[in-house]
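Peer 1: Below is one structure. I have some questions about it.
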Amino acid sequence: MSITTVNVALPKNLQPSDRHLFEPYKTYKISNLPVLDLEEVFVTYTGFCANEDGLISDCHHDHPYQMAGYVAETMNYYQDASDHPENLIEMDEHKRYLLIHHPWYNYYHWLCECIPRLWRVRDQLKDVVLLIPEHYIKTDFISGSLLPFNVQNMFVIPRGKSLMVPKLRLPRIKPLCDSYDKLELKELAAFYSKYAIENIADINIGDKIYLSRRKAARKKVFNEDLVEKVMTQYGFKTVYNEDYTFLEQVRLYGHVKYLVSIHGSGLTNMMFMPEGGSVLEILKAKTNDLDRPSFVFWYEADALGHQYYAQISAPVNEPDDYFFGDFYIDIETLKKNMALMMNHS
(Lines of atoms letter the chains of each structure in order from A; the text may use other names.)
(Lines give C-alpha, C1' and ligand atoms only; values in the text may rest on other atoms or scores of the structure.)
Protein backbone atom coordinates (compact mmCIF):
# COMPACT_ATOMS: atom_id res chain seq x y z
CA MET A 104 0.00 0.00 0.00
CA SER A 105 1.36 3.40 -1.01
CA ILE A 106 1.29 5.96 1.83
CA THR A 107 1.80 9.69 1.25
CA THR A 108 2.45 12.35 3.88
CA VAL A 109 0.54 15.57 3.23
CA ASN A 110 1.95 18.83 4.61
CA VAL A 111 -0.58 21.50 5.54
CA ALA A 112 0.10 25.25 5.71
CA LEU A 113 -0.65 26.75 9.12
CA PRO A 114 -3.45 29.34 9.37
CA LYS A 115 -2.35 32.67 7.93
CA ASN A 116 -3.37 34.52 11.10
CA LEU A 117 -2.07 32.00 13.64
CA GLN A 118 -1.38 33.60 17.02
CA PRO A 119 1.27 32.27 19.44
CA SER A 120 -1.47 31.48 21.97
CA ASP A 121 -3.21 29.21 19.44
CA ARG A 122 -0.13 27.56 17.95
CA HIS A 123 -0.54 24.43 20.10
CA LEU A 124 -3.94 23.82 18.49
CA PHE A 125 -2.50 23.54 14.98
CA GLU A 126 1.26 23.02 14.98
CA PRO A 127 1.19 19.31 16.02
CA TYR A 128 -1.34 18.51 13.29
CA LYS A 129 0.16 20.13 10.19
CA THR A 130 0.73 16.78 8.49
CA TYR A 131 -1.48 13.79 7.78
CA LYS A 132 -1.19 10.60 5.77
CA ILE A 133 -3.24 9.26 2.90
CA SER A 134 -3.04 5.93 1.12
CA ASN A 135 -4.38 4.35 -2.04
CA LEU A 136 -7.98 3.29 -1.50
CA PRO A 137 -8.93 -0.02 -3.14
CA VAL A 138 -12.23 -0.97 -4.74
CA LEU A 139 -13.23 -4.43 -3.53
CA ASP A 140 -15.48 -7.02 -5.13
CA LEU A 141 -16.93 -9.14 -2.33
CA GLU A 142 -19.37 -12.02 -2.08
CA GLU A 143 -22.08 -12.89 0.43
CA VAL A 144 -22.03 -9.64 2.39
CA PHE A 145 -24.48 -8.60 5.10
CA VAL A 146 -25.21 -4.88 4.64
CA THR A 147 -26.94 -2.73 7.25
CA TYR A 148 -29.29 0.10 6.37
CA THR A 149 -26.60 2.52 7.55
CA GLY A 150 -23.85 1.09 5.35
CA PHE A 151 -21.87 -1.23 7.59
CA CYS A 152 -20.77 -4.45 5.89
CA ALA A 153 -19.97 -7.83 7.43
CA ASN A 154 -19.18 -11.34 6.26
CA GLU A 155 -18.27 -14.60 7.95
CA ASP A 156 -15.04 -12.99 9.18
CA GLY A 157 -16.84 -10.12 10.89
CA LEU A 158 -17.09 -6.39 10.22
CA ILE A 159 -15.31 -5.46 6.97
CA SER A 160 -12.75 -2.73 7.68
CA ASP A 161 -13.14 -1.05 4.28
CA CYS A 162 -16.66 0.10 5.16
CA HIS A 163 -15.77 2.19 8.23
CA HIS A 164 -13.33 4.78 9.54
CA ASP A 165 -10.18 3.86 11.41
CA HIS A 166 -11.16 5.50 14.69
CA PRO A 167 -10.21 2.92 17.37
CA TYR A 168 -12.34 4.53 20.08
CA GLN A 169 -15.42 4.13 17.87
CA MET A 170 -14.88 0.51 16.85
CA ALA A 171 -17.03 -0.92 19.62
CA GLY A 172 -19.92 1.24 18.42
CA TYR A 173 -19.47 0.11 14.80
CA VAL A 174 -19.57 -3.53 15.83
CA ALA A 175 -22.51 -3.04 18.19
CA GLU A 176 -24.60 -1.31 15.51
CA THR A 177 -23.84 -4.02 12.97
CA MET A 178 -24.73 -6.73 15.47
CA ASN A 179 -28.01 -4.98 16.30
CA TYR A 180 -29.01 -5.09 12.64
CA TYR A 181 -27.89 -8.70 12.34
CA GLN A 182 -29.84 -9.73 15.44
CA ASP A 183 -32.91 -7.88 14.18
CA ALA A 184 -32.68 -9.70 10.83
CA SER A 185 -32.33 -13.02 12.66
CA ASP A 186 -35.30 -12.35 14.93
CA HIS A 187 -37.42 -10.79 12.18
CA PRO A 188 -36.62 -12.41 8.81
CA GLU A 189 -38.96 -9.96 7.08
CA ASN A 190 -36.35 -7.25 7.81
CA LEU A 191 -33.70 -8.98 5.69
CA ILE A 192 -33.85 -8.54 1.92
CA GLU A 193 -32.11 -11.15 -0.23
CA MET A 194 -30.63 -9.35 -3.22
CA ASP A 195 -30.46 -10.65 -6.81
CA GLU A 196 -27.48 -12.97 -7.27
CA HIS A 197 -27.20 -11.98 -10.94
CA LYS A 198 -26.51 -8.31 -10.16
CA ARG A 199 -23.55 -6.56 -8.57
CA TYR A 200 -24.43 -3.88 -6.04
CA LEU A 201 -22.44 -0.76 -5.17
CA LEU A 202 -22.21 0.68 -1.66
CA ILE A 203 -20.88 4.19 -0.98
CA HIS A 204 -22.76 5.43 2.11
CA HIS A 205 -21.93 5.15 5.80
CA PRO A 206 -23.72 6.07 9.05
CA TRP A 207 -22.50 9.68 9.33
CA TYR A 208 -25.29 11.35 7.40
CA ASN A 209 -24.70 15.02 6.68
CA TYR A 210 -23.65 17.34 3.88
CA TYR A 211 -19.91 17.23 4.57
CA HIS A 212 -19.64 13.47 4.99
CA TRP A 213 -21.71 12.81 1.88
CA LEU A 214 -19.74 15.13 -0.39
CA CYS A 215 -16.25 14.50 0.99
CA GLU A 216 -16.49 10.79 1.85
CA CYS A 217 -19.36 9.10 0.01
CA ILE A 218 -19.22 10.90 -3.33
CA PRO A 219 -15.45 10.26 -3.69
CA ARG A 220 -16.24 6.54 -3.46
CA LEU A 221 -18.70 6.95 -6.32
CA TRP A 222 -16.14 9.00 -8.26
CA ARG A 223 -13.62 6.17 -8.17
CA VAL A 224 -16.06 3.83 -9.95
CA ARG A 225 -17.76 6.41 -12.19
CA ASP A 226 -16.81 4.45 -15.32
CA GLN A 227 -18.43 1.27 -13.94
CA LEU A 228 -21.88 2.60 -13.06
CA LYS A 229 -23.66 0.86 -15.93
CA ASP A 230 -22.51 -2.49 -14.49
CA VAL A 231 -23.69 -2.00 -10.89
CA VAL A 232 -26.78 -1.12 -8.86
CA LEU A 233 -26.25 1.70 -6.36
CA LEU A 234 -27.60 0.99 -2.86
CA ILE A 235 -29.11 4.07 -1.24
CA PRO A 236 -31.05 4.38 2.06
CA GLU A 237 -34.65 5.49 1.79
CA HIS A 238 -34.19 8.74 3.73
CA TYR A 239 -31.14 9.70 1.66
CA ILE A 240 -32.90 9.79 -1.69
CA LYS A 241 -35.48 12.25 -0.38
CA THR A 242 -32.78 14.81 0.43
CA ASP A 243 -31.88 17.47 -2.15
CA PHE A 244 -28.13 17.41 -1.66
CA ILE A 245 -28.15 13.63 -2.15
CA SER A 246 -30.31 13.58 -5.27
CA GLY A 247 -28.70 16.75 -6.64
CA SER A 248 -25.16 15.48 -6.21
CA LEU A 249 -26.04 12.16 -7.87
CA LEU A 250 -27.69 13.80 -10.88
CA PRO A 251 -24.46 14.62 -12.80
CA PHE A 252 -23.38 10.98 -12.53
CA ASN A 253 -26.51 9.86 -14.41
CA VAL A 254 -26.93 6.81 -12.17
CA GLN A 255 -29.32 4.51 -14.03
CA ASN A 256 -29.49 1.56 -11.66
CA MET A 257 -30.45 2.16 -8.05
CA PHE A 258 -31.97 0.15 -5.22
CA VAL A 259 -33.57 2.14 -2.42
CA ILE A 260 -33.13 0.34 0.91
CA PRO A 261 -36.37 0.49 2.93
CA ARG A 262 -35.85 2.24 6.24
CA GLY A 263 -34.48 -0.09 8.90
CA LYS A 264 -34.02 -3.08 6.59
CA SER A 265 -30.80 -5.05 6.08
CA LEU A 266 -29.57 -6.73 2.92
CA MET A 267 -27.86 -9.98 2.05
CA VAL A 268 -25.81 -9.15 -1.04
CA PRO A 269 -24.33 -12.00 -3.12
CA LYS A 270 -22.06 -9.63 -5.07
CA LEU A 271 -20.94 -6.30 -3.63
CA ARG A 272 -18.60 -3.64 -5.02
CA LEU A 273 -17.18 -1.69 -2.08
CA PRO A 274 -14.89 1.30 -2.61
CA ARG A 275 -12.84 1.76 0.55
CA ILE A 276 -13.94 4.73 2.66
CA LYS A 277 -11.06 7.03 3.55
CA PRO A 278 -9.80 5.87 6.96
CA LEU A 279 -9.79 9.37 8.48
CA CYS A 280 -12.34 11.99 7.52
CA ASP A 281 -9.73 14.70 8.25
CA SER A 282 -7.80 13.84 5.06
CA TYR A 283 -7.99 14.55 1.34
CA ASP A 284 -6.66 13.35 -1.96
CA LYS A 285 -6.01 16.80 -3.44
CA LEU A 286 -6.26 15.71 -7.07
CA GLU A 287 -9.48 13.79 -6.49
CA LEU A 288 -11.08 16.68 -4.59
CA LYS A 289 -10.22 19.17 -7.33
CA GLU A 290 -11.46 16.80 -10.04
CA LEU A 291 -14.79 16.42 -8.23
CA ALA A 292 -15.11 20.18 -7.80
CA ALA A 293 -14.46 20.72 -11.51
CA PHE A 294 -16.94 17.96 -12.41
CA TYR A 295 -19.76 19.58 -10.45
CA SER A 296 -18.88 23.11 -11.55
CA LYS A 297 -18.95 22.12 -15.22
CA TYR A 298 -22.32 20.41 -14.84
CA ALA A 299 -23.83 23.35 -12.95
CA ILE A 300 -22.56 25.90 -15.47
CA GLU A 301 -24.10 23.90 -18.31
CA ASN A 302 -27.43 23.12 -16.64
CA ILE A 303 -28.23 25.67 -13.91
CA ALA A 304 -29.02 29.37 -14.28
CA ASP A 305 -26.27 31.57 -12.90
CA ILE A 306 -26.51 32.79 -9.30
CA ASN A 307 -24.05 35.57 -8.50
CA ILE A 308 -24.50 37.56 -5.31
CA GLY A 309 -20.88 38.66 -5.10
CA ASP A 310 -17.47 37.27 -4.23
CA LYS A 311 -17.63 37.90 -0.45
CA ILE A 312 -19.90 35.59 1.54
CA TYR A 313 -20.75 35.30 5.21
CA LEU A 314 -22.40 31.91 5.60
CA SER A 315 -24.98 32.08 8.39
CA ARG A 316 -26.34 29.14 10.37
CA ARG A 317 -29.36 31.15 11.56
CA LYS A 318 -31.66 28.70 9.75
CA ALA A 319 -29.77 25.60 10.87
CA ALA A 320 -31.15 23.26 13.51
CA ARG A 321 -28.16 23.68 15.84
CA LYS A 322 -24.85 25.46 16.37
CA LYS A 323 -25.58 29.14 15.87
CA VAL A 324 -23.96 32.52 16.58
CA PHE A 325 -25.34 34.19 19.71
CA ASN A 326 -24.30 37.71 18.67
CA GLU A 327 -24.77 37.32 14.91
CA ASP A 328 -26.28 40.80 14.45
CA LEU A 329 -22.95 42.32 15.51
CA VAL A 330 -21.04 39.88 13.32
CA GLU A 331 -23.12 40.82 10.29
CA LYS A 332 -22.39 44.52 10.86
CA VAL A 333 -18.68 43.76 10.54
CA MET A 334 -19.32 41.67 7.45
CA THR A 335 -21.30 44.50 5.85
CA GLN A 336 -18.42 46.91 6.45
CA TYR A 337 -16.24 44.69 4.27
CA GLY A 338 -18.86 44.23 1.56
CA PHE A 339 -19.90 40.69 2.54
CA LYS A 340 -23.37 39.34 1.80
CA THR A 341 -25.11 36.95 4.19
CA VAL A 342 -26.02 33.61 2.65
CA TYR A 343 -28.19 30.77 3.96
CA ASN A 344 -27.37 27.56 2.13
CA GLU A 345 -30.85 26.32 3.00
CA ASP A 346 -32.27 28.79 0.46
CA TYR A 347 -30.63 27.02 -2.48
CA THR A 348 -30.59 23.57 -4.02
CA PHE A 349 -27.29 21.73 -4.10
CA LEU A 350 -26.60 22.58 -7.74
CA GLU A 351 -27.59 26.22 -7.16
CA GLN A 352 -25.01 26.33 -4.36
CA VAL A 353 -22.38 25.05 -6.78
CA ARG A 354 -23.20 27.99 -9.06
CA LEU A 355 -23.27 30.53 -6.24
CA TYR A 356 -19.95 29.50 -4.70
CA GLY A 357 -18.32 29.45 -8.11
CA HIS A 358 -18.15 33.25 -7.81
CA VAL A 359 -16.90 33.39 -4.20
CA LYS A 360 -13.37 34.50 -3.33
CA TYR A 361 -13.86 35.14 0.40
CA LEU A 362 -15.86 32.90 2.75
CA VAL A 363 -16.48 33.39 6.48
CA SER A 364 -18.47 31.09 8.76
CA ILE A 365 -18.43 29.18 12.00
CA HIS A 366 -17.48 25.50 11.89
CA GLY A 367 -20.23 23.60 10.11
CA SER A 368 -20.87 21.43 7.09
CA GLY A 369 -21.78 24.43 4.92
CA LEU A 370 -18.07 25.27 4.72
CA THR A 371 -17.74 22.20 2.50
CA ASN A 372 -18.83 24.49 -0.34
CA MET A 373 -15.39 26.06 -0.45
CA MET A 374 -14.68 23.21 -2.89
CA PHE A 375 -16.66 25.12 -5.53
CA MET A 376 -14.75 28.38 -5.03
CA PRO A 377 -12.07 29.24 -7.60
CA GLU A 378 -8.63 28.16 -6.40
CA GLY A 379 -6.76 30.80 -4.42
CA GLY A 380 -9.68 32.00 -2.31
CA SER A 381 -9.65 32.89 1.38
CA VAL A 382 -11.59 31.14 4.14
CA LEU A 383 -12.04 32.30 7.74
CA GLU A 384 -13.40 29.54 9.98
CA ILE A 385 -14.58 30.37 13.49
CA LEU A 386 -13.93 27.43 15.78
CA LYS A 387 -15.22 26.72 19.27
CA ALA A 388 -12.73 26.87 22.11
CA LYS A 389 -12.03 23.60 23.92
CA THR A 390 -14.09 23.53 27.10
CA ASN A 391 -14.71 19.85 27.83
CA ASP A 392 -13.23 16.40 27.35
CA LEU A 393 -15.51 15.60 24.42
CA ASP A 394 -14.37 18.66 22.51
CA ARG A 395 -11.36 18.99 20.22
CA PRO A 396 -10.39 21.19 17.32
CA SER A 397 -11.76 19.92 14.04
CA PHE A 398 -9.35 20.05 11.13
CA VAL A 399 -11.67 19.02 8.31
CA PHE A 400 -12.01 22.52 6.85
CA TRP A 401 -8.44 23.61 7.57
CA TYR A 402 -7.25 20.56 5.64
CA GLU A 403 -9.90 21.01 2.94
CA ALA A 404 -8.92 24.64 2.35
CA ASP A 405 -5.28 23.64 2.03
CA ALA A 406 -6.11 20.79 -0.37
CA LEU A 407 -8.04 23.20 -2.59
CA GLY A 408 -5.34 25.86 -2.63
CA HIS A 409 -7.20 28.41 -0.48
CA GLN A 410 -5.69 30.63 2.21
CA TYR A 411 -7.04 29.56 5.59
CA TYR A 412 -7.67 31.75 8.64
CA ALA A 413 -8.96 30.59 12.02
CA GLN A 414 -10.54 32.33 14.99
CA ILE A 415 -11.14 30.57 18.30
CA SER A 416 -14.37 31.68 19.99
CA ALA A 417 -15.97 31.01 23.33
CA PRO A 418 -19.10 28.85 23.53
CA VAL A 419 -22.30 30.28 24.92
CA ASN A 420 -22.65 27.19 27.10
CA GLU A 421 -19.30 25.72 28.17
CA PRO A 422 -20.36 22.04 28.45
CA ASP A 423 -21.47 21.96 24.80
CA ASP A 424 -19.09 20.19 22.42
CA TYR A 425 -18.32 21.52 18.94
CA PHE A 426 -21.08 19.49 17.30
CA PHE A 427 -23.82 21.36 19.15
CA GLY A 428 -22.45 24.42 20.96
CA ASP A 429 -23.59 27.92 20.06
CA PHE A 430 -20.87 30.53 19.56
CA TYR A 431 -20.17 33.94 21.04
CA ILE A 432 -17.79 35.67 18.64
CA ASP A 433 -15.39 38.31 19.94
CA ILE A 434 -16.07 41.25 17.64
CA GLU A 435 -12.74 43.06 18.09
CA THR A 436 -10.83 39.89 17.23
CA LEU A 437 -13.11 39.36 14.25
CA LYS A 438 -12.35 42.88 12.99
CA LYS A 439 -8.61 42.22 13.23
CA ASN A 440 -8.90 38.91 11.39
CA MET A 441 -11.06 40.41 8.67
CA ALA A 442 -8.58 43.23 8.13
CA LEU A 443 -5.73 40.74 8.00
CA MET A 444 -7.52 38.46 5.53
CA MET A 445 -8.54 41.28 3.21
CA ASN A 446 -5.09 42.91 3.31
CA HIS A 447 -3.31 39.60 2.63
CA SER A 448 -5.47 39.04 -0.39
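If you're matching positions, the sequence shown starts at 104 in the working numbering and goes up one per residue.
Here a beta-carbon is modelled for each residue, glycine too, at the ideal position from N, C-alpha and C.
Since the structure is predicted, the reported quantities are computational estimates derived from the model, not experimental observations.
1. What residues match up with Gln414 in a beta bridge as DSSP calls it?
2. Taking the straight line between their C-alpha atoms, what separation do you get for Glu189 and Asn302?
3. Does Phe398 come out as helix, strand or coil in the three-state DSSP assignment?
4. Let me make sure I understand the geometry here. Which of Met445, Ala304, Met444, Gln414 has the alpha-carbon closest to that of Ile432?
5. Quick one: what's got a C-beta closer than 8 Å to Ser134's C-beta in the same chain, skipping five residues either side?
6. Looking only at its chain, what residues have a beta carbon closer than 6 Å to the beta carbon of Tyr411, apart from the 5 residues adjacent to it on each side?
7. Report the option in Phe430, Glu435, Pro396 whose CA atom is closest to the CA atom of Pro127.
8. Per DSSP, Thr107 is paired with what?
9. Is Gln352 closer than 7 Å to Asn326 when the C-beta atoms are compared?
10. Beta carbon of Tyr298, beta carbon of Lys318: below 7 Å?
11. Using DSSP's beta-bridge definition, name the partner residues of Arg509.
12. Report, in whole angstroms, the separation of the C-beta atoms of Phe375 and Ala292, which I expect to be a contact under 8 Å.
13. Using DSSP bridges, identify the partner residues of Ser364.
14. By how many angstroms is the C-alpha of Pro251 removed from the C-alpha of Asp243?
Peer 2: Working from what's here:
1. Ile385
2. 42 Å
3. coil
4. Gln414
5. Met104, Ser105, Ile106, Thr107, Pro278
6. Pro114, Val382, Trp401, Ala404
7. Pro396
8. Ile133
9. no
10. no
11. Outside the shown range of the chain, which is 104 to 448, sits residue 509, and nothing can be said about it.
12. 6 Å
13. Glu384
14. 13 Å
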